[in-house]
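S.K.: Just so we're aligned, residue 55 is where the sequence shown starts under the numbering used here, counting upward by one.
Just dropping this structure here.
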Amino acid sequence: MNAWCPACGDCLGELIEKNRDADGVTAAFECPDCSHEWKVSL
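In C-alpha coordinates:
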(Lines of atoms letter the chains of each structure in order from A; the text may use other names.)
(Lines give C-alpha, C1' and ligand atoms only; values in the text may rest on other atoms or scores of the structure.)
Protein backbone atom coordinates (compact mmCIF):
# COMPACT_ATOMS: atom_id res chain seq x y z
CA MET A 55 0.00 0.00 0.00
CA ASN A 56 1.34 3.44 -0.95
CA ALA A 57 0.16 7.05 -0.68
CA TRP A 58 1.47 10.29 -2.21
CA CYS A 59 3.61 12.32 0.19
CA PRO A 60 1.72 15.47 1.29
CA ALA A 61 5.00 17.27 2.05
CA CYS A 62 6.95 16.91 -1.21
CA GLY A 63 4.27 15.48 -3.52
CA ASP A 64 6.97 13.85 -5.63
CA CYS A 65 7.13 10.39 -4.12
CA LEU A 66 4.96 7.55 -2.91
CA GLY A 67 5.31 6.95 0.81
CA GLU A 68 5.91 3.47 2.13
CA LEU A 69 3.55 1.83 4.61
CA ILE A 70 5.34 1.60 7.96
CA GLU A 71 2.44 0.81 10.30
CA LYS A 72 -1.23 -0.23 10.18
CA ASN A 73 -3.54 -0.09 13.22
CA ARG A 74 -7.12 -1.09 13.90
CA ASP A 75 -9.12 0.35 16.79
CA ALA A 76 -12.72 1.25 17.69
CA ASP A 77 -12.61 4.24 15.31
CA GLY A 78 -11.48 2.19 12.31
CA VAL A 79 -8.19 1.52 10.55
CA THR A 80 -5.27 3.93 10.21
CA ALA A 81 -2.11 3.54 8.18
CA ALA A 82 1.18 5.35 8.76
CA PHE A 83 3.46 6.16 5.84
CA GLU A 84 7.00 7.49 5.43
CA CYS A 85 8.39 9.22 2.35
CA PRO A 86 11.74 7.73 1.25
CA ASP A 87 12.75 11.04 -0.37
CA CYS A 88 12.02 13.64 2.34
CA SER A 89 11.47 11.36 5.42
CA HIS A 90 8.08 12.96 6.14
CA GLU A 91 5.72 10.70 8.14
CA TRP A 92 1.91 10.93 8.06
CA LYS A 93 -1.19 8.91 8.95
CA VAL A 94 -4.28 8.22 6.87
CA SER A 95 -7.66 6.88 8.00
CA LEU A 96 -8.81 4.00 5.83
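Where is the CB? At the ideal position from N, CA and C, for every residue including glycine.
On a predicted model such as this, the values are computed, not experimentally measured, just so you know.
Let me confirm a value: C85 is counted as buried when at least 16 other C-beta atoms fall within 10 Å, else exposed. Which label applies?
M.R.: Start at 1 with the first residue of the sequence shown, and residue 85 comes out as number 31. By the neighbour-count rule (16 or more Cβ atoms within 10 Å), C85 is buried.
S.K.: Where does C59 land, buried or exposed, given buried means 16+ other C-beta within 10 angstroms?
M.R.: Position 5 of the sequence shown, counted from the first residue, corresponds to residue 59. By the neighbour-count rule (16 or more Cβ atoms within 10 Å), C59 is buried.
S.K.: With C-beta atoms as the reference, is A57 less than 7 Å away from C88?
M.R.: On the sequence shown, position 3 is the one that residue 57 refers to. On the sequence shown, position 34 is the one that residue 88 refers to. For the pair A57 and C88, the CB atoms are not nearer than the 7 Å cut-off.
S.K.: Taking a contact to mean a Cβ-Cβ separation below 7 Å, would you say L96 touches A76 in this structure?
M.R.: Residue numbering aside, residue 96 sits at position 42 when the sequence shown is read from its first letter. Residue numbering aside, residue 76 sits at position 22 when the sequence shown is read from its first letter. Contact: no.
S.K.: By how many angstroms is the C-alpha of D64 removed from the C-alpha of V94?
M.R.: Taking the first residue of the sequence shown as 1, we reach residue 94 at position 40. Taking the first residue of the sequence shown as 1, we reach residue 64 at position 10. Approximately 18 Å, taken between the alpha carbons.
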